[in-house]
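Those protein sequence lines, which keep their order, are chains V and X.
Under the numbering used here, the residues of the first sequence are numbered 1 to 380, in order.
Under the numbering used here, the residues of the second sequence are numbered 381 to 704, in order.
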Amino acid sequence: MSPPRVLLVTFNRLAPADQGNARRILQLVGFYKQKGYEIDLIYHNEEGFDPALANALHLMFCRVVVVKSSAPKHIHQPEHACRIEEWYDPAIGQTCQHLHRLHGYKIVHVNYVWYAPVFHNFGPEVIKILDTHDVFAERAEKYRRAGMLPQWFSTSLAEEDAAIRLADAALAIQKEEAAELVERGHRNILYFPYVELSTKKFAAPQLENRPLTLGYLGSGNDWNILSMRDLVAQMRRRKDRLPFPIIVAGGISKHVKETPGIIKLGFVKELHTFYNAIDIAINPMVGGTGLKIKTVEPLRYGKPVLTTPSGAQGLMHLWTQPILANADDLLSYLVENFQGPNPPLITKLIAQAQETRDALEAEYSVQAERFSRWLSLRLT
Amino acid sequence: MTGMELWVDLIASALAHQSRNAPVAILHEAQRIFPLVEAKASVAWIHTSRPNLTDFCRLADGQPLRRERMTVADDHAVSLIQRCGLMVVCLPEMPQALKSFREIILNKSSTSAILIYGPEKRAGWSGLLDPEQSMNWTMLNSGDRGQFAINQLARDRLLDLSLPTKLDAQFAHLLMQRFSGAFGSTVKLETTGDKLSLRFRADPLNFIAAASDALAHHIMVEGRALFNSRGLASVILPWDSCYQARFLLRNVRDRVDDAEIAVDEEDLRVSYIDYTEQGARLTVRLPKIRAGRAAGLHLSVSRSAVPRDGFCDIGAAEFSAEIE
């Protein structure tokens with residue numbers, strides 16, 4: 001008997017997976033593959049398609065279908081309101097129906113709430129999974145509260161609720177988001193945290209002949225830009241200088257001003273080369289929505305993380321490392337504690353990071369097992 | 381046996397019309413295209429070995445998809461055959477293919493409409509249909525064109541069409557009338573003298589094929605029936621009785637009167653060419669293609685005709701095929 005077939009729908013460029021949302025999608029791809037499912041992909045081409053991506057996707061998926069994006073994607077101003085029916089591209093539906101007739105999918109997995117209308121193309125025999133990635137209802141308000149102009153998708157509670165109801169299971173990446181959706185009356189919410197498989201053990205750095213090195217790796221999204229600009233502003237404002245460099249890598253690099261003490265690496269091809277070059281990761285987030293994957297990622301590579309409450313959002317219940325109130329506090333913490341090598345503190349940070357990673361992995365195992373059991377029950 | 385495949389395509393599209401949401405499986409040794417049934421249903425081609433060329437189909441105005449082609453050994457083919465509402469089988473020549481196709485037909489004979497076609501005198505008929513099951517099958521002979529076998533379920537679905545014992549112009553008109561909605565103005569029946577033929581104006585993307593991954597990628601991204609940068613294009617021809625193809629070659633930068641054309645190892649010449657504002661309109665008379673054989677037409681224009689900064693493409697295609 002052939003294994004269950006999954007149809008995955010995404011607009012995200014999955015290779016290179018240098019954006020948090022792409023990494024999250026690949027986490028679910030890995031989950032399905034581990035269960036032995038076969039996965040076909042509809043790539044709703046919004047982030048470009050080239051031979052390198054084509055090749056990478058064909059290695060990852062059984063079948064790759066590219067659909068040209070033609071949704072109007074209106075954003076109604078001044079309220080910055082988006083309607084799901086204007087962001088959903090009906091061309092995807094036609095492709096879904098064609099593929100479903102030929103391949104008889106057991107599971108359809110879509111990413112982001114405005115893709116939920118995809119589910120209308122499948123009957124009750126198909127399990128419908130929506131990965132929400134974030135809560136998008138009244139998201140514009142969160143931007144306004146941070147003094148930013150709203151960006152990207154934001155919709156009403158009613159529209160988001162209606163879309164979530166189309167799914168058999170809606171995955172929430174954060175425990176808080178899952179609780180919020182349950183609070184709104186949804187009974188199909190499954191908390192499925194983001195973790196990455198550990199690839200390196202935690203080890204104390206050898207600092208005899210070199211300074212401590214901090215690092216930040218992030219994409220060039222609005223929240224990251226705002227956060228790094230805030231950190232740089234605080235660094236310039238302060239009279240005391242950090243006695244060690246901060247290495248900045250990823251798409252964010254081009255948005256960071258030349259500043260003494262900051263070394264910009266730009267795009268890094270392999271994450272481990274970046275994390276091998278640093279001792280402690282920082283994530284000075286000033287706000288944002290969804291889980292901050294770059295807070296979790298350093299733990300995979302055996303590096304402790306210093307972050308702010310926004311950076312630890314969704315992880316607070318497991319987090320044992322220091323959380324600094326803002327960028328200024330983060331800089332103060334670093335200046336106070338790392339004027340010279342501070343092996344006892346580094347050892348402590350490493351122990352806390354190990355504890356956090358273990359707790360994250362344990363929680364992921366429990367939640368993945370729940371999801372897995374639910375899928376198996378539905379499939380039988 | 382010529383002229384059989386167009387009938388197969390017409391009848392299969394009539395059958396597919398009645399089981400709209402079920403897929404159609406076509407078992408064929410060669411890489412062929414039945415555009416009429418493909419316009420009606422989601423079609424998968426099941427071969428004995430994987431074809432060399434990548435070909436495409438387009439859903440509405442979307443980007444082209446790779447045409448679904450799989451082999452009989454593919455697990456996925458088994459599940460597709462279990463779900464299909466109609467199966468079309470071209471009587472194979474190779475014993476191994478005959479064995480594979482026979483197993484599939486025996487497993488499916490009671491649950492889906494099946495249409496088998498091939499030359500009347502090919503030995504494979506007895507290998508494909510058990511004598512004890514023959515009462516479930518209706519044989520339909522179409523003179524020198526070959527023979528159909530239609531199982532009970534397919535026959536039942538066609539009952540209101542009163543399937544004739546002889547496939548003739550009247551029946552072709554009946555089928556076209558009945559299903560004109562699906563074809564619109566793209567398909568026309570024409571009578572020239574005592575010959576009835578069908579003219580099919582096609583989306584060239586549904587017929588273009590690529591021998592390399594790079595060209596397949598360009599075709600999918602651009603959504604155009606492209607030549608490669610050396611001026612080579614491959615087209616899969618529909619039906620065995622297709623006697624003429626016309627192509628609009630766009631973006632050619634030089635005369636293409638001496639374009640090299642080959643079909644099934646036979647070299648052809650351009651029959652007629654007209655240079656217009658839209659491009660070069662090229663007509664080529666085609667040899668008879670046997671039902672079981674691959675039907676790739678390979679077209680090569682000179683390097684000087686290929687623009688340095690882009691690609692030539694086939695902007696429009698039209699195929700004419702004899703019916704009677």
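By construction, the Cβ of each residue, glycine as well, lies at the ideal position given by its N, Cα and C atoms.
Proximity to residue i [Cα-Cα], best of the options
i                : options                                : result
ILE247 (chain V) : V:PRO3, V:ALA169, V:ILE262, V:LEU379   : V:ILE262
TRP619 (chain X) : X:LEU407, X:GLU500, X:LEU416, X:ASP583 : X:LEU416
ALA277 (chain V) : V:LYS257, V:SER310, V:LEU214           : V:LEU214
ILE92 (chain V)  : V:GLN77, V:ASN121, V:LYS73             : V:ASN121
GLN77 (chain V)  : V:VAL65, V:HIS133, V:PHE31, V:SER154   : V:SER154
ALA17 (chain V)  : V:GLU177, V:SER219, V:LEU190, V:VAL296 : V:SER219
GLU85 (chain V)  : V:SER332, V:ALA327, V:GLU160           : V:GLU160
ARG661 (chain X) : X:ALA639, X:ASP644, X:LEU578           : X:ALA639
VAL452 (chain X) : X:VAL615, X:PRO475, X:TRP425           : X:TRP425
ARG23 (chain V)  : V:ILE293, V:HIS44, V:VAL305            : V:ILE293
TYR32 (chain V)  : V:ASP279, V:HIS186, V:VAL108           : V:VAL108
VAL135 (chain V) : V:ASP50, V:ILE280, V:LEU8, V:GLU180    : V:GLU180
LEU433 (chain X) : X:ASP647, X:ILE616, X:ILE669, X:GLY507 : X:ILE616
GLN354 (chain V) : V:ALA203, V:LEU334, V:PRO193           : V:ALA203
ASN205 (chain V) : V:ALA325, V:LEU7, V:ARG13, V:PRO341    : The question names Asn, but residue 205 (chain V) in the sequence shown is Pro. Closest option to PRO205 (chain V), Cα to Cα, is V:PRO341.
ALA674 (chain X) : X:LYS546, X:TYR655, X:GLU646, X:THR663 : X:GLU646
ASP435 (chain X) : X:ASP654, X:GLN476, X:SER682, X:ARG449 : X:ARG449
ALA705 (chain X) : X:PRO403, X:ALA590, X:VAL681, X:SER506 : This structure does not reach residue 705 (chain X), given that chain X is present from 381 up to 704, and the question cannot be answered.
ASP644 (chain X) : X:SER651, X:LEU390, X:ILE669, X:PRO403 : X:ILE669
Proximity test, Cβ basis, 8 Å: residue i and chain X
i                : result
THR155 (chain V) : no
THR95 (chain V)  : yes
SER332 (chain V) : no
LYS68 (chain V)  : yes
ALA91 (chain V)  : yes
SER2 (chain V)   : yes
Within chain V, partners of residue i - CB distance below 7 Å
i                : result
ALA424 (chain X) : LEU102
GLU483 (chain X) : What GLU483 (chain X) touches in chain V: nothing, since even the nearest Cβ is about 17 Å away.
ARG463 (chain X) : GLY104
ALA392 (chain X) : Residues of chain V passing the Cβ test: none, with the nearest at roughly 15 Å.
Contact with chain V by residue i, beta-carbon distance below 8 Å
i                : result
MET381 (chain X) : Because MET381 (chain X) carries a pLDDT of 48, less than 50, the predicted location of this residue cannot be relied on, and the following value inherits that uncertainty. No, its Cβ sits nowhere closer than 8 Å to a Cβ of chain V.
ASP583 (chain X) : no
ASN608 (chain X) : no
SER399 (chain X) : no
ASP455 (chain X) : yes
LEU460 (chain X) : yes
ALA594 (chain X) : yes
GLU705 (chain X) : Residue 705 (chain X) lies beyond the range of chain X shown here (381 to 704); nothing can be said about it.
PRO403 (chain X) : yes
Listed by chain order, chain X residues near residue i by CB distance under 7 Å
i                : result
PRO124 (chain V) : Going along chain X, no residue has its Cβ under 7 Å from PRO124 (chain V), so there is no contact; the nearest lies around 15 Å.
HIS98 (chain V)  : SER422, LEU439
VAL65 (chain V)  : LEU445
ALA54 (chain V)  : HIS597
Outcome for residue i when other beta-carbon atoms lying within 10 angstroms are tallied against a minimum of 16
i                : result
TYR216 (chain V) : buried
GLU196 (chain V) : buried
LEU486 (chain X) : exposed
MET316 (chain V) : exposed
ASN283 (chain V) : buried
GLY465 (chain X) : buried
PRO431 (chain X) : buried
LEU149 (chain V) : exposed
THR571 (chain X) : exposed
SER684 (chain X) : exposed
PHE699 (chain X) : buried
ALA52 (chain V)  : exposed
ALA493 (chain X) : buried
Supposed close pair residue i, residue j - CB separation, criterion 8 Å
i                : j                : result
GLY659 (chain X) : LEU628 (chain X) : 5 Å
SER70 (chain V)  : GLU46 (chain V)  : About 10 Å; that fails the 8 Å criterion.
THR259 (chain V) : MET235 (chain V) : 6 Å
GLY287 (chain V) : TRP223 (chain V) : 6 Å
ARG610 (chain X) : CYS692 (chain X) : With 8 Å as the limit, ARG610 (chain X) and CYS692 (chain X) do not qualify as a contact, their Cβ atoms being about 11 Å apart.
ALA140 (chain V) : LEU130 (chain V) : Contact doesn't hold; Cβ gap of about 21 Å is too wide.
THR518 (chain X) : GLN476 (chain X) : That pair is no contact at about 28 Å.
Partners in chain X for residue i, counting only beta-carbon separations shorter than 9 Å
i               : result
PHE49 (chain V) : GLN443, HIS597, MET600, VAL601
ALA71 (chain V) : Result: empty, since nearest Cβ-Cβ is about 13 Å, beyond 9 Å.
Within chain V, partners of residue i - CB distance below 9 Å
i                : result
ASN432 (chain X) : Those within 9 Å of ASN432 (chain X) in chain V number zero; the least Cβ separation is about 18 Å.
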